[in-house]
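Student: First residue of the sequence shown? That's 22 in the working numbering, and the numbers climb one at a time after it. Don't be surprised by glycine CBs; every beta carbon is placed ideally from N, CA and C.
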Amino acid sequence: MSMTSSRPYMIRALYEWIVDNKCTPYLLVDAHIEGVSVPQEFVNEEGQIVLNIAPSAVQGLVIRNDAIDFNARFGGVPTDIYIPCQGVMGIYARENGQGMIFDPEINPEPPAPSDGDGSSVPGSGKKPSLKVVK
């Protein structure tokens, strides 16, 4: 059975853990991933950018299962940032480096299609059930 990517769940959990420990969460982002929208003048030679996503540094931070978006200032200019989750290479605390670097994702599995009744069993059209076998 294929599952969706665990990356957005890990990003949310580590973000909360870092902030709860009064540290500054930094995202390491691959700026060359399709859909990434960051100020290119701050991207390094390897195509990466490090973003401070502390509550005091950003506005409207939303970490969804497909992407992260927020508004931050770069050189005093408010900028909308959008990062598909597969573009996040890691999340860590600035103060001590604790966090996680992710393995590259090659075409993450999309969620299984639903038939509209909450069931996610492809092609069955009915909810799964259990039977007692004696």
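What is the rounded straight-line gap between the Cα of V40 and the Cα of V50?
Tutor: C-alpha separation (whole angstroms): 19 angstroms.
Student: Looking at R33 and I84, is the spacing between their C-beta atoms short of 7 angstroms?
Tutor: Yes, the Cβ-Cβ distance between I84 and R33 is below 7 angstroms.
Student: Restricting to Cα atoms, I'd like to know which of S77, A75, A52 is closest to S65.
Tutor: Looking at the sequence shown, residue 65 is not Ser but Asn. Nearest of S77, A75, A52 to N65, Cα basis: A52.
Student: Excluding the 5 residues preceding and the 5 following L82 in the sequence, name in chain order all residues of the same chain whose CB lies nearer than 7 angstroms to its CB.
Tutor: Here the set comprises I74, F91.
Student: To the nearest angstrom, how far is the alpha carbon of C44 from that of Y103?
Tutor: C44 and Y103: Cα-Cα distance of roughly 23 angstroms.
Student: Roughly how many angstroms separate the alpha carbons of Y47 and G56, rounded to a whole number?
Tutor: The alpha-carbon atoms of Y47 and G56 are separated by roughly 20 angstroms.
Student: Roughly how many whole angstroms lie between the Cα atoms of G139 and P105?
Tutor: Note that G139 scores 46 on pLDDT, short of 50, meaning its location in the model is unreliable; the coordinates nonetheless yield the value given after this. The straight-line gap from Cα to Cα measures roughly 26 angstroms.
Student: Mapping the DSSP letters down to three states, classify R94 as helix, strand or coil.
Tutor: Strand, per DSSP.
Student: For the beta strand (DSSP E) containing M121, list its first residue and its last residue.
Tutor: Taken as a continuous stretch (DSSP letters only), the beta strand (DSSP E) holding M121 covers 120-122.
Student: Give me, in chain order, the residues of the same chain whose beta-carbon lies closer than 8 angstroms to that of S58; leave out the 5 immediate sequence neighbours on both sides.
Tutor: Cβ neighbours of S58 beyond the five flanking positions: D101, I102, Y103, I104.
Student: Sort out for me which residues DSSP pairs G56 with in a bridge.
Tutor: Partner(s): none; G56 has no beta bridge.
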